[in-house]
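Asker: Numbering (our numbering), first residue to last: 212 to 1456.
Just so you know, even glycine gets a beta-carbon here, dropped at the ideal spot from N, CA and C.
What follows is a single structure, and I will ask about it in a moment.
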């Protein structure tokens, strides 16, 4: 038996960082083994903390040295699994200064023997009080379908029956002894008892052996408490004797004629446990294991009042009333006085078997003690019988053994369920009619575990067995074929999955007859037409919408997440369809819908969905209603994948209506529909409504599975994703962590379903700009996906793209390209015809390349994406508009503004076909068009675009919205460029008002608006006010967006600029240096930001006359630019001009002239002749020649600059005036005063 797992209830952990040096570990271990078998020693703090946190099914008694206690306890003291703490102080140190006042601290001991005695008392106390009580509303149990119910009550009822069907022989006894010897191999005390048991055990003394509280008692008690069937199976020899003994003694008690009996149990409970009893008055109670009581109230009362070192425990007396004459034979209680030869106290003990159910009468204080009154009830047996009946409606004629195995699967005990079914399979003969069901059930368990290839083997065996039996149960084969299709789908083998689904539909058609007055199913051609439509749409579930990262995840997230629930739903539904509802009308009704849908597009059908009501539902078996609902949901899913959300919603709502009418109570199937509707609403950005539907689903799931379930986890994942989309990152993270904890209870570490929670956590970190953490979680997701899926699975492709996206945000462009190209290679290899999905990845690559300013390469990828989308979407899909906008953005970066406007206009035309003219989605194109005009400095036209966008947003978001505030900020920035400062401030203030109302979601926007207002005030020379706004912006960024390094650096730089204008140069330099430190330490790849700050520092040093230092910073900026750009780039010329200016100030005219000439050479290669940038360098050269007295050469360069300026600027422009003035100076120094005056006058004009 595996010693890494504790098979008893208590784990004793000893933490002492110096225990190895004390030479007492061996003796300590020996003594503690006399008290508790399972002991773990730790010397390292971290490993000890992890060990404590990893324990879920036992109570921990913790021992620490006095040296280590303060350090370790702060990490573990509040964990629920930690029961008590003992501190050993062998050195008798003064410990008054230690803060160890904790409710779980039992004491500090300076003698080891006293410590051992105290630990023994605590363990005895836990044995008396460690019980698991579960509560059930019997009214709900008797009115709802129990076939998917996973209550402990049902588990114990079925286990009790199964026990009598297990193998019972000497081999079973020897197996139990061998396992116990192996487990207790280092425990001399227990080994002696095992040998004694082997030699002396007799069935008639079974109860005495159990009450000895030796290895049998401890391991069985833990196994019952945790519903560990594998362990109980090992003890089947003893358990069967024990149960038979209970039955015999119970019969004796009934035959004695005793009527009303009162039994008592004294316990210590916490206030939360007592509150649970109060809340559940009138409901049923089940106890995980045997429950020992006493017929003497005084003895139980003494047990309750026994002192305890823990102050948070309350004495409780449990009173149980029992009438043996009115209980069914399955309710077993035993008076143990027939077996005991011990003290009088023990002779009054009465034991309740694990399958006994109680009714909670009341809980309150009587005679200064909490009294809980219960009665023994027959209702547990009634609920079990209803569970079996409900289950048989889904799977006819299956044995109780198979139902028990499937129950274990339902509660997530997949390993135990697999082991149980394997036992059934091994012990069945080849003619057993249950064999196919056992193999099918094994396949389902393995499918849940993610062991798809093994599951497939068992499905194949089950299928072959069904097909080889005469007469062939062809209908039964459909559910197997369907599950094989599901596995293929999960593996990403969509075409093969499709073939299996088609076989299922063929079986349905062949095996259901039709009434004479109903039309037949559509022809094969029509049916195949519909199915081909589904085939082409199925992979759309994995395509990433290109409207930003959050929306890009939506469709993939929705369909893959609910696939987990659907996988269960479809399996159950096929059991219902083929076993519960063999209606002759079922296929015909589905066929009728299929015929209508094959005649026209789904969107047309969705508009007439209410025609379904005309199908004369009163003639159809109610079971087919479920089938109709399933079919409607399938069509809804197709429309969802096609991004036709309105139509999808109609189908899902119609399905929900049918299910609600059919079940008449909250059923799991209804919860699944809630989830689908929530997914559609989420993608429609109706987050509040989506959240409401998800929470309604959660409410139903928790009704069935109050202690959590994977269905609940799946819906939590949706809720987390909605919160993520709403940028409520902290709340989303809590939900994802809750989901992860729930999944980890059901799945082993590294299971594929755990990857979904990891992916969600990664997305939250990405939204929080914690990119390193996001990468860590995405890579964990990728590792798991690559282990479970075949190499080209869509989830692997999606995760590769997610990692690429984050690395792009980190400006790790080469790494980002690598991940996107890996995704692209997989798509081109495995899904070469799925153009829409390939186009998405091509766009991702283009997004990286545009950040690298590789515009020609960018356009190649965007154009490839566009070409594929135009092939995939024949009628101008909205995704095409997205790509057109990306191309437009690239042309804007290239300063090709006409081309940019052309592509944005094409995008707008497509969007106007799909959306109303006032749709907010169109703003995604309107605003980029405005940004193009902004860069062209066509500010009046810019505001026309932005104000159109604003009008749409204000109509769509009447109470103000973050996106509205962002458009207002764009308008404000345009007004700022127009030097309409007062208007600009008013617009930014309006944006700020909206943002501050939604500060939790918009703190970065608030900081941006404050910064924008600061820029305006700075331009108005209101520097103190500007600095105040900058400081407010900085404080918000540092508190709420500490990882937004670029934004923090930008505000620090702006403060420096304002201080520079006030000639507070030292203070300005301080802020510049802080900004530079942030950039270099945390955002080093942002070379543009670093260069800007280096230039700012150089300019301030220049104004201070610190020319050599200024040149050093300008030279650093130049070096970065030369490293990042080609040798022929306008920014390199810019740096050379800056250095030239400083050289001119130093009167190093030759060096200045050299810099200006190098800059001019570069600019002539960058721009066409006659560009104003070339004119600037010509003027600078003219200035350098002028101060050297080279008037003729200076005049020639200034005249060239003037010619260009006059072509571009109106009279009075600053650059034109400066050039005219410089020429005037040349003439003046040449004593040509008339000409000089003429140029001076022109400069003043």
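1. Would the beta-carbon of residue 1321 fall within 7 angstroms of that of residue 1353?
2. Expressed to the nearest angstrom, what Euclidean distance is found between the alpha-carbon atoms of residue 899 and residue 946?
3. Can you confirm whether the region 611–618 touches the region 366–386 when touching is taken to mean that 3 or more C-beta pairs between the two stretches lie within less than 8 angstroms?
4. Taking Cβ positions, are residue 647 and residue 677 nearer each other than 7 angstroms?
5. Which of helix, strand or coil does DSSP assign to residue 1317?
6. Just list the beta strand (DSSP E) runs in the region 405–489, keeping only unbroken ones of 3 residues or longer that don't cross its boundaries, in chain order.
7. With a Cβ-Cβ cutoff of 7 angstroms, do residue 971 and residue 928 count as a contact?
8. Exposed or buried, which one is residue 978 when buried takes at least 16 other CB atoms within 10 Å?
9. Cα separation between residue 538 and residue 588?
10. Exposed or buried, what is residue 416 when buried is set at 16 or more other beta-carbons lying within 10 Å of its beta-carbon?
11. First and last residue of the alpha helix (DSSP H) that includes residue 1371?
12. Could you pull out every residue in the same chain whose Cβ sits closer than 7 angstroms to the Cβ of residue 491, ignoring the five residues on either side in sequence?
13. Return helix, strand or coil for residue 1111, following the three-state DSSP convention.
14. Residue 1136: buried (16+ other C-beta within 10 angstroms of its C-beta) or exposed?
15. For the beta strand (DSSP E) that contains residue 570, what are its first and last residues?
16. What residues match up with residue 222 in a beta bridge as DSSP calls it?
17. Quick one: what does DSSP say residue 277 is sitting in, helix, strand or coil?
18. When the Cα of residue 528 is compared with those of 1289, 515, 1266, which residue comes out closest?
19. Return the CA-CA distance between residue 384 and residue 594, expressed in angstroms with no decimal places.
20. How close, in whole Å, do the beta carbons of residue 1031 and residue 1055 come, if the pair is a contact with beta carbons under 8 angstroms?
21. Can the beta-carbon of residue 953 be found less than 7 angstroms from the beta-carbon of residue 919?
22. Ordered along the chain, which non-local residues of its own chain (more than five positions away) have a Cβ less than 7 angstroms from that of residue 1231?
23. Are the CB atoms of residue 924 and residue 908 within a distance shorter than 7 angstroms?
24. Out of 318, 408, 1172, 471, state which residue places its alpha-carbon closest to the alpha-carbon of residue 277.
25. State the Cα-Cα distance for the pair residue 1203 and residue 1174, rounded to the nearest angstrom.
26. Does the region 468–485 come into contact with the region 495–504, if we say contact requires no fewer than three beta-carbon pairs (one atom in each stretch) closer than 8 angstroms?
27. Classify residue 292 as helix, strand or coil using the three-state DSSP reduction.
28. In this structure, what does DSSP give as the bridge partners for residue 560?
29. Is it the case that the region 1382–1392 contacts the region 1401–1413, given that we only count it when at least three CB pairs across the two stretches are under 8 angstroms?
30. Exposed or buried, which one is residue 1288 when buried takes at least 16 other CB atoms within 10 Å?
31. I need the DSSP call for residue 877, collapsed to helix, strand or coil.
32. With C-beta atoms as the reference, is residue 1053 less than 7 angstroms away from residue 1076?
33. Among residues of its own chain, excluding the 5 on either side of residue 833, which ones have a beta-carbon nearer than 7 angstroms to its beta-carbon?
34. Are the CB atoms of residue 1003 and residue 1041 nearer to each other than 7 angstroms?
35. Thinking just about the alpha-carbon of each residue, which of 261, 1153, 628 is nearest to the one in residue 444?
36. Please report the Cβ distance between residue 840 and residue 869, rounded to the nearest whole angstrom; I am assuming they are in contact, meaning their Cβ atoms lie under 8 angstroms.
Answerer: So, from the data block:
1. yes
2. 16 angstroms
3. yes
4. yes
5. coil
6. Within the region 405–489, complete beta strand (DSSP E) segments of at least 3 residues are found at 472–480, given in chain order.
7. yes
8. buried
9. 7 angstroms
10. exposed
11. 1360–1377 is the extent of the alpha helix (DSSP H) around residue 1371.
12. Excluding positions up to five away in sequence, the list reads 346, 571.
13. helix
14. buried
15. 568–577
16. Residue 222 is bridged to 271.
17. coil
18. When only C-alpha atoms are compared, the closest one is 515.
19. 33 angstroms
20. The beta carbons of residue 1031 and residue 1055 sit about 5 angstroms from each other, so the pair counts as a contact at 8 angstroms.
21. yes
22. 1192
23. no
24. 318
25. 12 angstroms
26. yes
27. coil
28. 505
29. Judged by Cβ distances under 8 angstroms, the region 1401–1413 makes contact with the region 1382–1392, as three or more pairs qualify.
30. exposed
31. coil
32. At the C-beta level, residue 1053 and residue 1076 come within 7 angstroms of one another.
33. Since pLDDT at residue 833 reaches only 41, below the 50 mark, its modelled position is unreliable, and the value read off the structure follows with that caveat. Same-chain partners within the cutoff: 873.
34. yes
35. 628
36. 4 angstroms
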